[in-house]
Amino acid sequence: MKKIIGVIPARYKSSRFPGKPLALINGKPMIIYVAELTAKALGIENTYVATDDQRIFDSVTSFGFNVVMTSESCLTGTDRLWDFAQQIEADIYVNIQGDEPLLNPDDIKSIVNEKLKYPDYVINGMCSVLDDEDPKNINIPKVLTDKDKNLIYMSRLAIPGIKSESLSIKPIYKKQVCIYAFSYEELKAFGSETEKAYYEQFEDIEILRFFDLNIPIKMVETTGSTIAVDNPEDILAVERILGMN
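Numbering (my numbering), first residue to last: 1 to 245.
As structure tokens, then:
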């Protein structure tokens, strides 16, 4: 049986929202919400936080979750996963974003199942851009795939582009859902690069580095959109939704 673990990269320093992983949602740190949801999918024994900050380490430990210290010099969350993978052995590493406290545990399971089915692909989630979301919003990475759900490109621009606004149809825009599945070898190839890939630098989308490494990426439709906490105001939106459930 393959060993599958979920890893939540978490750093304290953030230009837009310092200390975001420890931001309180109804009195509980956000990183703990994500850890609890990950544990529902993979089991608490297979749920880890990877951080470079002692405050996050201590908080996660106090709630009974596994946590591993990683380097402060990691370029991206996936680089932090590579640092983690060198300390904790597994067959499949599932990267779960620590700022999505409303994610569906079933989506984590779907990503894992796809990785088991396509072991030579990096697996990533996607869903449709909502009606009240602007495809031109650069904070939303848009996804372009072929008919087999293989990733063609991912961009902060609205893709596919529209040459003529007079067309009677409009594209169904897809956006990235930040749940990934990797093998050790894929993480090693990614983390062995000492700088970001060319297009990765412009887009600030780390998965683009795999294109330079000739590692294919398969996208998986998830159950729907979640709210990513990018700033303190988003906490209120999350609390409102949790209050409705």
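Positions of the beta carbon are idealized from the N, C-alpha and C atoms, including for glycine.
- For Lys3, the closest alpha carbon among the candidates Ile88, Gly19, Val67 is that of Ile88.
- In this structure the segment 224 to 242 touches the segment 90 to 107; the number of beta carbon pairs closer than 8 Å is three or more.
- Inter-residue distance for Glu186 and Ala50 is about 18 Å (C-alpha atoms, whole angstroms).
- The Cβ atoms of Leu144 and Ile162 do not sit closer than 8 Å to each other.
- In the DSSP assignment, Asn150 forms a beta bridge with Lys218.
- For Asn66, the enclosing beta strand (DSSP E) has its first and last residue at 66 to 69.
- If one requires a minimum length of 3 residues, the beta strand (DSSP E) runs lying completely within the segment 90 to 161 are 92 to 96, 122 to 128, 142 to 145, 151 to 155, in chain order.
- If the five residues before and after Lys136 are omitted, its C-beta is found closer than 7 Å to the C-beta atoms of Ala158, all from its own chain and listed in chain order.
- Taking a C-beta distance under 8 Å as the contact criterion, Lys170 and Pro105 do not qualify as a contact pair.
- A distance of 8 Å or more separates the beta carbons of Asn124 and Ile235.
- For the segment 1 to 67, the full-length beta strand (DSSP E) segments reaching 3 residues or more read 4 to 10, 47 to 51 along the chain.
- Boundaries of the alpha helix (DSSP H) around Gln201: 198 to 203.
- When DSSP states are grouped into helix, strand and coil, Ile179 belongs to the strand group.
- Secondary structure note for Ala85: its alpha helix (DSSP H) is the uninterrupted segment 77 to 85.
- Note on geometry: alpha-carbon atoms of Tyr180 and Lys117 lie some 14 Å from one another.
- In this structure Thr47 is buried. Its beta-carbon is surrounded by 16 or more other beta-carbon atoms within 10 angstroms.
- Looking at the DSSP output, Lys170 shares a beta bridge with no other residue.
- Distance between Phe63 and Glu36, taken at the CA atoms: about 10 Å.
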